[in-house]
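In our numbering, the protein residues as written are 1 to 185.
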Amino acid sequence: LLKKRPVTYCLTQRLLNSRSAIESIYHALKTYPVEGKRGFVVGSESPWIEVYALLHGADEVYSFILPFPRTNQNRFDFAMSFSSIEHSGLGRYGDATDPIGDLREVWKVLCLLKPGGTFYLGLPRGADSVVYNVHRIYGAIRLAMLMTGTQLQSVGCYSHALRVLPTLSSTIWRHETQQTLFLDN
C-alpha cells in the first residue's frame, strides 16, 4: 500500500533542475524584471515561460500561438519567445513555407510591444544555416537581419553540452548545441 503524503512542489526549483535551457530565462528575468508589467509569450507548447513571468511579478501574461491574433499595436511591455521563432516559415508545423517567416514573426512581435518594450528571445546559435524543415541556426548574418530596428540589451548563453550559464553579459560561448537568449529593447 502506498500512503498519501503531502507533497511540497516548488515550480521554480523544478524548472531550475530540469535539463532544458530554462536557467537563461530565470537570469534574464532577474536582470530585466517584468514586475508590474503586461506581456505575452509566442509559441509556447506548455506554459512554463508564462508561469515563470508570473512568478517574477508580471501583472498579465498572454499566450499566443502562431499566427498572431488581431490586436492593437503598442499594447504590451514585454514579449517572450523561446525555441519558437526559428521554426517559422519552414512548414514543419503546418505554416506556409516562407524564407523570411522568422523575420515576419519578429516584426509582428515588435509591433505589439510598446516603445521601449523588452523582447526576450531564445534561439539556437552557430553558423548561419537552415536545418530543413526543423529550424534555423542564427549566426552573424541572420541574427543581424532578425534584430534590425532593435537595440540589443544583453546576451546570455546556455549549453546543453557544456551545462554552463554565465549571468547575462556580452559573453558569448561558442558551441554547436548552444541556445542563446537575446534581450531586445
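Where is the CB? At the ideal position from N, CA and C, for every residue including glycine. In this text, all values refer to a predicted model and were calculated from it rather than measured experimentally.
Burial state of residue i, where buried means 16 or more other Cβ atoms lie within 10 Å
| i | result |
| --- | --- |
| R188 | This structure cannot settle anything about residue 188, because the visible part of the chain is limited to 1 through 185. |
| Y132 | exposed |
| A28 | buried |
| I100 | exposed |
| I141 | exposed |
| G57 | exposed |
| S84 | buried |
| E45 | exposed |
| P124 | buried |
Contacts around residue i, its chain only, beta-carbon distance under 7 Å, and the 5 residues preceding and following it disregarded
| i | result |
| --- | --- |
| I65 | G43 |
| H87 | Y93 and H135 |
| G39 | A53, A58, V61, F76, D77, F78, A79 and M80 |
C-beta atoms of residue i and residue j nearer than 8 Å
| i | j | result |
| --- | --- | --- |
| V61 | E50 | yes |
| L103 | L146 | yes |
| F78 | K108 | no |
| F76 | G117 | yes |
Beta-ladder partner(s) of residue i, from DSSP
| i | result |
| --- | --- |
| R92 | Paired residues: none, contrary to the question. |
| V42 | F64 |
| R136 | V130 |
| L146 | For L146, which the question treats as bridged, DSSP gives no partner whatsoever. |
| L113 | F76 |
Contact set for residue i: own chain, Cβ-Cβ below 8 Å, skip 5 residues either direction
| i | result |
| --- | --- |
| I25 | I49, Y52, M80, F82, Y120, G122 and L181 |
| Q73 | C111 and L112 |
| S170 | Caution is warranted here: a pLDDT of 29 is assigned to S170, below 50, making its placement in the model unreliable, and no coordinate value can be reported. |
Residues of its chain near residue i, where Cβ-Cβ distance is below 6 Å and the 5 sequence neighbours each way are ignored
| i | result |
| --- | --- |
| V130 | R136 |
| D98 | G89 |
| V41 | I49, E50, S63 and M80 |
| G139 | A127 and D128 |
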